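Working notes, structure below.
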Amino acid sequence: MIDARIIEELKAALGAERVLDTLVDRVAYAYDATWGEALPDVVVLPRSTVEVSTTLRIAHRERIPVVPRGAASGLSGGAIPIMGGICLCLARMNRILEINPDELIAVVQPGVVNMDLQKAVARYGLFFPPDPASWDMSTLGGNVAENAGGPRCLKYGVTKDYVLGLEVVLADGNVMRTGGRTIKNVTGYDLTALFIGSEGTLGVVTEIVLKLLPKPAVRRTVLAVFERIGDACAAVTRVITSGVLPLTTELMDGDCIRAVQSQRDYGLPTDADAVLLIDVEGWPEALEREVALVRAACEAVGAREVRCACDEAEAEELWAARRAISPALAALGDKLGEDIAVPRSRIPEMVERIRAIGRTYGLRTPIFGHIGDGNLHPYLICDRGDAEMMARVRQAAEAIFIAALELGGTLSGEHGIGLAKRDYVGQALDPLARAHMLHLKRLFDPHNILNPGKIFAETER
Amino acid sequence: MSAQVPSSACPPPTGAPIIRCYMSNSLERLTQPLSGPRVHIPELPDYSILRHCVRCARCLPVCPTYQETLHEVQSPRGRLALLRAVAEGMLPPTSAVEEHLYHCLDCRMCNTVCPANVPIGECILAGRAAFAHRRGLAWWRRLIFRHMLISAERLGLALWPLRLYQRSGLARPLRPVLRALPGPLARLRTMEVLLPPLPPHPLHATLPAITPAQGLRRYRVGFFLGCMMSQLFAAESRATVEMLSAAGCEVVTPRGQVCCGSPQDDQGDRFQLRRLARANIALFERLGRLDAIVTDCAACSHTLKEYATLLADEPAFATRAVAFSALVRDVYEWYDAILPATWGNDSTTPLHVTIHDACHLANAQGVHEPQRRLLGRIRGIEVVEMEAPSACCGSAGIYNITHPDMANRRLARKLDDILSTGAAVVVTNGPGCLLQLRAAAREQQLPFQVLHISQLLARCQRVNTGDVLYPDTWCGGAEVRE
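Residue numbers (our numbering), protein chains in the order written: chain P, 1 to 461; chain L, 1001 to 1482.
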């Protein structure tokens, strides 16, 4: 527990309404979108960089853990205050400070919700490419902290490709600026990159300079059905080598297809092994050609069926099935979602491994993912009330991590390590790289107060 | 909450290398079996429902109170977390928890986006009921929900002093005094601002038991009188009856109707809610065969449809409640089903109408399309959709009186959304919404009228002349502006 004296000091500095220490308030800040929970000792809701700095100065002096968070929609346990301490909720720092359509730049506070930025820049005919599935609730600070991806990463890359500069409050409360406002910038080390994906363990981001792009005119959707998941992978490769870089290449495996079809008829064949949703976007004239190329590529590798949406309404219909996955799987029971990524050529093998793991542990493992970037989301369907089954779920999850690493992949494509995959980081990283990461952590956070126990265990120093 | 878990020796899957667990296995920490309910609190939502919240945060961007405060405890996810912590014995059921449950507007927006299909709004109401059951109803709730708001007649009695106040000529000199009241008495001011001029006669006092169909009788419908509609919006509700009659419905309005129970449900009084439900079911059963039970209040239609679930555990009423609820139609749904495919006159200047969906209509009942189909086929009316038509206006039952600050913040957003459509008419069928939006339009002298759907239809049609619905009986938009 934090000393009452420190809570009083925080209240005096920030105002009592921004420093919450009742049990009722703390219960509501104990979780993120995983199953874990741990009570913070106090919740702090800052509104400015100065207030963040004040909080950290106190925490640094008193050696109190600080867990920064935004909407707490993360899927790796990153925002759970496992060591108690201060939950630093940045949701109220939600001002868009600048949109500069001439320079294609936006400057935002970390609490701005991804969707709100999208809406604001759309007025200028611009967009911000990273679009994690949580885009309508997750904050940009969280997107930066997790280096969030999304379905359209194959074409546009991930959050780190769109962050030009940061304002970061360091563990001791000092405020540092990194990067700048230009696309090209090789002055010194790239500290901006260091903080992206650092999961709140190195500093608290309080301002972000983002790169924007002009919004493409139209979007077209193609749905292709395959007998074998391997054919779907071959189709994506063929599409790319035929000169089309699709926006999305969303995969649903047979188990997912059956789950969504059992809720409502989306017109998907329940005996197929894979369905692929390929979106392309650009000018209508070019898209006609691109859709034809996508169709040809799918047919060339033996797609059983290829459907093209000619307008928004038809595209919406095709995407409805994809969006139905989450509710459909929720109807099956509790689910643990994983987030591994492997080189694209290894996807068929990875899918086979996941299915074998499912059989070994007696678990249903529906898989969907963003095939173009090798990112798969296998789900482990289970019952959280069943302790024996939960033990099998853990073992299956571990087996999936190992399989991904063995196939040259990574533990997490876009959800982050957080708490969920912390124990497997040692296996995933080059030992020297890991040692240097810990050096950096010690350098920036000598007292280990920033989100301790995330990415690396509390004791790893 | 989750205790430190000692490292366990996880047997590796066949063929896989052994994993080194550093300290406690962190994955194990995240996949702990649920602790399950540890305390029994009657009426608390079922633990098996509460546990289905996966805390994905999908409800945060649509929740009005979260959007206003950006405070997790003011979000649907936060409220469910509180309820679960109470069930798990983690959080004592204090008045602070109860207070948070009452911060919810019960707008049900969260229900519409939950990917796990958790009935969030229902859980929060069940939570309120659990606290009421445990701690007893507050005296003012007991007074209002057991004695005043139980039927249109009783509400009439309760409103009698207000009627006197409005007629006495005291209203004008007293208004500035009321509006200057400080502290908790400011509630009186809020009420004074909200209250419209009461109609000379409430509808239930003047409406005959049977209103015959004009022309050929095509349907026989039971009419459920909303207490608020009858007492505060008698003219609007009379327009509904006339509209139904003109469209070929024999309208049966049985004497002795009681409140639907929506206010009781909202304020945790499940006991009274069940009593009212049983009384209404028994009353309408006596009417013989009906094609529908129609009500022109969105909150009533929602509650009446819920009787089936509410009484499912009462053997004497379970099947009867299912039959009753199956007949219930919100007035929008019924108009959409029975009115002609196109009607109205082409007008050179179309009347711009924007739809404000009552929360209990669009979010709770999922009735979204009928009102749009209905208005879309009236020539002379052009629907201009506002941003988020089913976002709460802040009225929310008695919320604008119990939580005026939050209610006013919601109202301000709603008014912005209405104003940016440029529409001359806002149409709705929630009496609370009518009160809230009309008071705002009156006080701030805003350039739009707030009409009940029946009022809008009636103003477009010369219902009183005895014409049945034919396209040429419609007037253009101009006449609607007064």
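Where is the CB? At the ideal position from N, CA and C, for every residue including glycine.
The model shown is predicted, which means the values in this text are computed figures rather than measured ones.
Residue environment, E388(P), which counts as buried when at least 16 other CB atoms sit within 10 Å: Exposed, by the Cβ-count rule.
C-beta atoms of G358(P) and R364(P) nearer than 9 Å: Cβ distance < 9 Å, so G358(P) and R364(P) count as in contact.
Inter-residue Cα distance where the pair is T237(P) and G165(P): Distance between the alpha carbons of T237(P) and G165(P): 34 Å.
Identity of the residue in A303(P), I381(P) and A428(P) nearest A403(P) by Cα: Of A303(P), I381(P) and A428(P), the residue nearest in Cα terms is A428(P).
N- and C-terminal bounds of the beta strand (DSSP E) containing F226(P): That run of the beta strand (DSSP E) goes V218 to F226.
Reduced DSSP category for N375(P) - H, G, I as helix; E, B as strand; rest coil: Strand.
CB contact below 9 Å: A1234(L) versus chain P: With 9 Å as the cut-off, A1234(L) does not count as an interface residue toward chain P.
Residues, ordered as in the chain, of the region 1150–1175 of chain L that lie near chain P by beta-carbon distance below 9 Å: Against chain P - using a Cβ distance shorter than 9 Å - the region 1150–1175 of chain L contributes no residues.
Spatial neighbours of R355(P) in its chain, beta-carbon cut-off 7 Å, leaving aside the 5 residues before and after: Apart from sequence neighbours up to five positions away, the residues of its chain that approach R355(P) with a beta-carbon distance below 7 Å are T365, ordered along the chain.
Assumed close pair P1064(L), C1123(L) - CB separation to whole angstroms, cut-off 8 Å: In fact, because the Cβ distance is near 17 Å, the residues do not count as touching under 8 Å.
Proximal chain P residues relative to R1051(L), where beta-carbon distance stays under 9 Å: Correct list: D334, R384 and G385.
Closest Cα partner of D1357(L) within the set L1050(L), T1349(L) and R1372(L): The residue among L1050(L), T1349(L) and R1372(L) with its C-alpha nearest the C-alpha of D1357(L) is R1372(L).
Cβ-based burial, W1343(L) [other Cβ within 10 Å; buried from 16]: W1343(L) should be labelled buried.
Continuous alpha helix (DSSP H) stretch holding K119(P): start and end: N114 to A122 is the extent of the alpha helix (DSSP H) around K119(P).
Contact belief for L10(P) with V66(P) at Cβ below 8 Å, rounded distance in angstroms: Between L10(P) and V66(P) a beta carbon distance of about 11 Å is seen, past the 8 Å cut, so the two are scored as non-contacting.
Sheet register partners of C308(P) (DSSP bridge): C308(P) is bridged to V222(P).
Simplified DSSP state of L1351(L), which is helix, strand or coil: L1351(L) falls in the strand class under three-state DSSP.
Residues that I229(P) bridges to, as DSSP identifies them: Under DSSP, no beta-bridge partner is assigned to I229(P).
Those runs of the beta strand (DSSP E) which lie wholly inside the region 1363–1391 of chain L and span at least 3 residues: Runs found: 1381–1383.
A1292(L) beta carbon less than 9 Å from that of A1458(L): At the C-beta level, A1458(L) and A1292(L) stay beyond 9 Å of one another.
Whole-angstrom distance between L432(P) and Y1022(L), CA atom to CA atom: Here the model assigns Y1022(L) a pLDDT of 31, short of 50, so the residue's position is not dependable and the matter cannot be decided.
Alpha-carbon spacing of G1268(L) relative to A1130(L), whole angstroms: Spanning the two alpha carbons is a distance of roughly 7 Å.
CA-to-CA distance, F368(P) to V52(P), given in whole angstroms: Taking the straight line joining both Cα atoms gives about 39 Å.
DSSP state of V1054(L) mapped onto helix, strand, coil: Three-state result, V1054(L): coil.
Classification of I455(P) by the beta-carbon crowding that lies within 10 angstroms, buried from 16 upward: Buried, because 16 or more other Cβ atoms sit within 10 Å of the Cβ of I455(P).
Minimum C-alpha distance to C1059(L) - residue among S1048(L), L1174(L), A1441(L) and P1076(L): The option with the nearest alpha carbon to C1059(L) is P1076(L).
Reduced DSSP category for H1147(L) - H, G, I as helix; E, B as strand; rest coil: If DSSP states are grouped into helix, strand and coil, H1147(L) belongs with the helices.
Cα-Cα separation, A1316(L) to F1324(L): Just so you know, the alpha carbons of A1316(L) and F1324(L) end up roughly 14 Å apart.
Option nearest A1308(L) by Cα separation, candidates R1289(L), V1073(L), V1328(L) and M1386(L): Residue V1328(L) is the option with its Cα nearest to A1308(L).
Residue-level contact to chain P via CB, T1319(L), 9 Å cutoff: Chain P contact via Cβ: absent.
Residues that C1056(L) contacts on chain P, provided the C-beta gap is smaller than 7 Å: Result: A33 and S73.
Identified DSSP bridge partners for F1224(L): DSSP lists T1295(L) as the beta-bridge partner residues of F1224(L).
E98(P) burial status per 10 Å Cβ neighbour count (16 or more: buried): Classification of E98(P): exposed, given that the 10 Å Cβ count is below 16.
Environment of I183(P) [buried if 16+ CB atoms lie within 10 Å]: Exposed, since its Cβ has fewer than 16 Cβ neighbours within 10 Å.
Neighbouring residues, chain P, relative to H1100(L) (Cβ below 8 Å): Residues of chain P passing the Cβ test: V24.
R69(P) (DSSP reduced to helix, strand or coil): Here DSSP, grouped into helix, strand and coil, assigns R69(P) to strand.
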